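Chemist: After the structure tokens below, expect a handful of questions from me.
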Amino acid sequence: MRILVVGGSGLIGAHVVDVLRGRGHAVTTVARTAQLGVDHLLDVGSASIDELRPLLAGHDGVVYATRTEEQRPLPKPIYPEFRRDNVDPVVRLFTAARLEGLTRGVLMGSYYTYFDRLHPQWRLAERHTYIRCRLEQAREGRAAAGEGLPVAVLELPFVFGRAGDRLPNWSGPLDRWARSRTPLVAPTGGSAAASARSVAEVAVDALEQASGADIPVADENLTWHDMIARIAAAVGRPRRVSRLPAGAARTALRLGGAVQALGRKESGVNPSYLADLLLADLFIEPTSGRPLDPALRETFPTGTA
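Numbers 1 to 305, taken from full-length UniProt numbering, label the letters of the sequence shown in order.
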């Protein structure tokens, strides 16, 4: 196959490129910033269908591996901007891909869409703009692709790993916390987690099979206590992790939501309802059987400042 990887210089995109080439497929990469190995510079977030079609011409499939930060606070209302960042580029990309005759696609999504299917009573799309846009992204992207271009949506949890100097965008604060002398605390609940390599392998499997499925991806399920303890051990500062009472977590997050509201700001995941997610077991049946420790050590190496 010949595959275009959008976001090919990012953490997940770089691993997708590596796995594709390792299996003998041809790869073209596109990214917003100049990086080693990027074939085309283009901001796909603002590119028109006519600008995208020449990039897609001659390819069999496309992978959309870019993302936005769901927790950055923005002035109200945030939905138009989140839609511009998450939904509209995907609709234009898969429209262009359909017009160019591509036959397979992969969209890197969020495991929140999995839990929205599993627990409709949580009203995730109603409460969280980011999750609403992730659902619209998958639905409208597939509609734009049409029946002849199946699009697999990988529903991703916390992703660990490294690609060059690219790390998960959430890893910095956890790294500094684990290396500091500040006490470590964790609430109840936890999350599924996967390595960037595992995500890439699932993505390439989906391309080879021309899958149009929703695919939750996980290597392991970690309680927050276990995750923080393993991060502290990885950086070389193993120590006890205390329990944070659920009531304290709820109060702090609701206070954060109230402060945002006073400033007439919002974030993609609403802090007023975030405790309902934070304190839940957001677990997925592991798909790889691969231990997470190597990717965790890549993300949080011992001895780095």
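Where a beta carbon is used, it is the ideal one built from N, C-alpha and C, also for glycine.
Just so it is clear, the structure is predicted and the values come from calculations on it, not from any experiment.
1. Roughly how many angstroms lie between the CA atoms of arginine 92 and alanine 144, to the nearest whole one?
2. By a C-beta neighbour count over all protein chains shown, 10 Å radius and 16 as the cutoff for buried, is aspartate 175 buried or exposed?
3. Under the three-state reduction of DSSP, which class applies to glycine 164: helix, strand or coil?
4. Are proline 216 and isoleucine 284 touching if we call contact CB-CB under 8 Å?
5. Below 8 Å on the Cβ atoms is my guess for residue 309 versus glutamate 155; work out the distance and round it to an integer in Å.
6. Starting from glycine 61, trace the beta strand (DSSP E) in both directions and tell me its first and last residue.
7. Between arginine 162 and histidine 15, what straight-line distance do the alpha-carbon atoms span, to the nearest angstrom?
8. Along the chain, where does the alpha helix (DSSP H) that runs through arginine 243 open and close?
9. Write down the C-beta distance between leucine 4 and leucine 55 rounded to the nearest angstrom, noting that I regard them as a contact closer than 8 Å.
10. Which of the three DSSP states is assigned to threonine 299 in this structure?
11. Report the CB separation of glycine 8 from valine 17 in whole angstroms; it is logged as a contact under 8 Å.
12. To the nearest angstrom, report how far apart valine 159 and alanine 193 are at their CA atoms.
13. For the beta strand (DSSP E) that aspartate 214 lies in, which residues bound it at each end?
14. My guess is that glycine 303 and glycine 236 are in contact by the Cβ rule of under 8 Å, so how many angstroms apart are they, rounded?
15. If you drop the 5 nearest sequence neighbours on each side, which residues of the same chain put their C-beta closer than 6 Å to that of glycine 256?
16. Can you tell me whether valine 90 is helix, strand or coil according to DSSP?
17. Considering only DSSP beta bridges, list what phenylalanine 283 is partnered with.
18. Is it right to say alanine 187 is buried, meaning 16 or more other beta carbons lie within 10 angstroms of its own, or is it exposed?
19. Checking the sheet assignment: what are the DSSP bridge partners for alanine 186?
Modeler: Here's the rundown:
1. The count along the sequence shown starts at 1 and reaches residue 92 at position 92. The count along the sequence shown starts at 1 and reaches residue 144 at position 144. Whole-angstrom Cα-Cα distance: 8 Å.
2. Counted from its first residue, the sequence shown places residue 175 at position 175. Label assigned to aspartate 175: buried.
3. If you number the sequence shown from 1, residue 164 lands on position 164. Glycine 164 falls in the coil class under three-state DSSP.
4. Here residue 216 refers to the residue found at position 216 of the sequence shown. Here residue 284 refers to the residue found at position 284 of the sequence shown. Taking 8 Å as the Cβ cut-off, proline 216 and isoleucine 284 qualify as a contacting pair.
5. The structure shown does not extend to residue 309, since the chain spans only 1 to 305, so no value can be given for it.
6. Residue 61 sits at position 61 when you count from the first residue of the sequence shown. From DSSP, the beta strand (DSSP E) with glycine 61 extends over 61-64.
7. Here residue 162 corresponds to residue number 162 of the sequence shown, with the count starting at 1. Here residue 15 corresponds to residue number 15 of the sequence shown, with the count starting at 1. So the alpha carbons of these two residues sit roughly 9 Å apart.
8. Your numbering for residue 243 matches position 243 in the sequence shown. Unbroken run through arginine 243 is the beta strand (DSSP E), 241-243; no alpha helix (DSSP H).
9. As a working note, residue 4 is residue 4 in the sequence shown. As a working note, residue 55 is residue 55 in the sequence shown. With 8 Å as the limit, leucine 4 and leucine 55 qualify as a contact, their Cβ atoms being about 6 Å apart.
10. On the sequence shown, position 299 is the one that residue 299 refers to. Of the three classes helix, strand and coil, the one that applies to threonine 299 here is helix, per DSSP.
11. As a working note, residue 8 is residue 8 in the sequence shown. As a working note, residue 17 is residue 17 in the sequence shown. Confirmed, about 5 Å.
12. Counting from 1 along the sequence shown, the entry for residue 159 is found at position 159. Counting from 1 along the sequence shown, the entry for residue 193 is found at position 193. Approximately 6 Å between the Cα atoms of the pair.
13. The sequence position of residue 214 within the sequence shown is 214, counting from 1. Its beta strand (DSSP E) spans residues 214-216.
14. On the sequence shown, position 303 is the one that residue 303 refers to. On the sequence shown, position 236 is the one that residue 236 refers to. Contact flag correct, Cβ pair sits at about 6 Å.
15. As a first step, residue 256 must be located in the sequence shown, where it is residue number 256. So the qualifying residues of the chain are Pro271.
16. In the sequence shown, the residue the question calls residue 90 occupies position 90. Helix.
17. Counted from its first residue, the sequence shown places residue 283 at position 283. In DSSP, phenylalanine 283 forms no bridge with anything.
18. By one-based count along the sequence shown, residue 187 stands at place 187. Checking the displayed sequence, the identity of residue 187 turns out to be proline instead of alanine. Buried, by the Cβ-count rule.
19. Within the sequence shown, numbered from 1, the residue matching residue 186 stands at position 186. In the DSSP output, where bridge partners are listed per residue, alanine 186 has Arg243.
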